[in-house]
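Q: For the sequence shown, the working numbering begins at 6 and goes up steadily by one.
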Amino acid sequence: MEICSSINGVRELAQKARAGAKRIALVPTMGFLHEGHISLVKGAQKSCGFVALSIFVNPTQFGPSEDFSRYPRDFERDARLCREAGVDVIFAPEAKEIYPEGFSTSVHVEGLTAPLCGASRPGHFDGVCTVVLKLLNIVSPDEAFFGEKDFQQLAVIKRMAKDLNLACEITGMPIVREPDGLAMSSRNAYLSPGERENALSLSRSLLLADEMAAKGAGTGEIEASTASYLAENSIRVDYVSILDPATLQQTNSPRGALMALAGFAGKTRLIDNRILTR
Ligand code: PAF
6 MEICSSINGV
16 RELAQKARAG
26 AKRIALVPTM
36 GFLHEGHISL
46 VKGAQKSCGF
56 VALSIFVNPT
66 QFGPSEDFSR
76 YPRDFERDAR
86 LCREAGVDVI
96 FAPEAKEIYP
106 EGFSTSVHVE
116 GLTAPLCGAS
126 RPGHFDGVCT
136 VVLKLLNIVS
146 PDEAFFGEKD
156 FQQLAVIKRM
166 AKDLNLACEI
176 TGMPIVREPD
186 GLAMSSRNAY
196 LSPGERENAL
206 SLSRSLLLAD
216 EMAAKGAGTG
226 EIEASTASYL
236 AENSIRVDYV
246 SILDPATLQQ
256 TNSPRGALMA
266 LAGFAGKTRL
276 IDNRILTR
């Protein structure tokens with residue numbers, strides 16, 4: 006496995022692999038890898054012969070009062086996990102390699118970025134789209150892999166790829182959960198044992214919502230009951246929304262809809278989602 010911090014270095018390796026008739030995959034991450042990231046690598050290996058994984062804690066997608074400086078980082082551990090998983094190259098640039106002096110471009114996707122995390126984290130998706138487009142331009146992969154836990158991020162990146170005619174397939178991979186249901190996230194590392202217990206209410210509330218939808222409850226009723234359940238479990242709710250998964254617009258029919266949650270366990274902001282059963 007190669008480790009590159011320069012754009013030229015990773016570009017050359019990807020070009021060499023392409024010259025050897027390999028299909029190229031990119032798995033963009035912010036590091037502090039877990040089973041969710043490894044499942045993206047496994048998905049990438051199924052359809053591509055060369056897998057690049059980027060590790061870059063992207064400053065432009067964090068708000069001023071968010072956790073950029075304390076975001077968990079452990080490069081040695083990440084490198085070991087990548088080696089074990091059979092990643093071909095880690096691209097781990099410094100911030101100045103991605104955002105050199107004078108950098109002044111930002112990518113904005115309209116519409117899909119308005120609700121959910123876009124409403125709570127102004128500018129977040131501009132930072133995500135800008136860095137993802139840069140990574141796609143640097144590596145020129147045939148396919149890039151993203152987790153469905155960040156459902157809105159995946160939808161926004163698919164939109165950007167379509168709108169900008171990117172020659173890269175964008176593939177979503179299912180959420181990976183701990184045995185007790187907690188969706189895997191690098192931010193779970195922040196949780197105290199008590200907060201982790203409270204955080205289980207996110208995935209549990211999605212299952213309860215699914216049961217309510219199956220019994221014919223309406224969107225408003227499910228959203229209200231979910232918000233109360235989360236609050237009872239000491240989660241400070243950011244949003245509880247049932248939306249059309251294609252448009253991320255509100256819908257009156259919960260069956261087959263996206264149920265998306267964000268809330269704080271202590272100071273840690275967690276998200277989770279589920280497509281409610283039809
Ligand atoms: O999902 C993430 O880890 C990040 O938002 C991404 C896609 C790597 C962009 O920084």
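Glycine included, C-beta positions come from ideal geometry on N, C-alpha and C.
What is the DSSP secondary structure of residue 180, counted as helix, strand or coil?
A: coil
Q: Would you mind reading off the limits of the beta strand (DSSP E) that contains residue 278?
A: 273-280
Q: Considering only residues of the segment 205-256, which uninterrupted beta strand (DSSP E) runs meet the minimum length of 3 residues and lie entirely inside it, listed in chain order?
A: 240-248
Q: Return yes when at least one heavy atom of the ligand PAF lies under 8 Å from the C-beta of residue 63, else no.
A: yes
Q: Which one or two residues does DSSP pair with residue 138 in a beta bridge?
A: According to DSSP, which records beta bridges pairwise, residue 138 is partnered with nothing at all.
Q: Is any heavy atom of the ligand PAF found at a distance shorter than 8 Å from the C-beta of residue 2?
A: For the chain, the structure presents residues 6 to 283; residue 2 sits outside this window and is missing.
Q: Would you please state the rounded distance, in angstroms, between the beta carbons of residue 269 and residue 243? I believe it to be under 8 Å.
A: 7 Å
Q: Given the structure, does residue 35 come close to the ligand PAF, in the sense that its CB is under 8 Å from one of the ligand's heavy atoms?
A: yes
Q: Going by the C-beta, is residue 157 closer than 8 Å to any heavy atom of the ligand PAF?
A: no
Q: Sort out for me which residues DSSP pairs residue 102 with in a bridge.
A: Beta-bridge pairing links residue 102 to no other residue.
Q: Note the first and the last residue of the continuous beta strand (DSSP E) segment covering residue 263.
A: 263-270
Q: Please classify residue 170 as buried or exposed, where buried requires at least 16 other C-beta atoms within 10 Å of its C-beta.
A: exposed
Q: CB of residue 177 to nearest heavy atom of the ligand PAF: below 8 Å?
A: no
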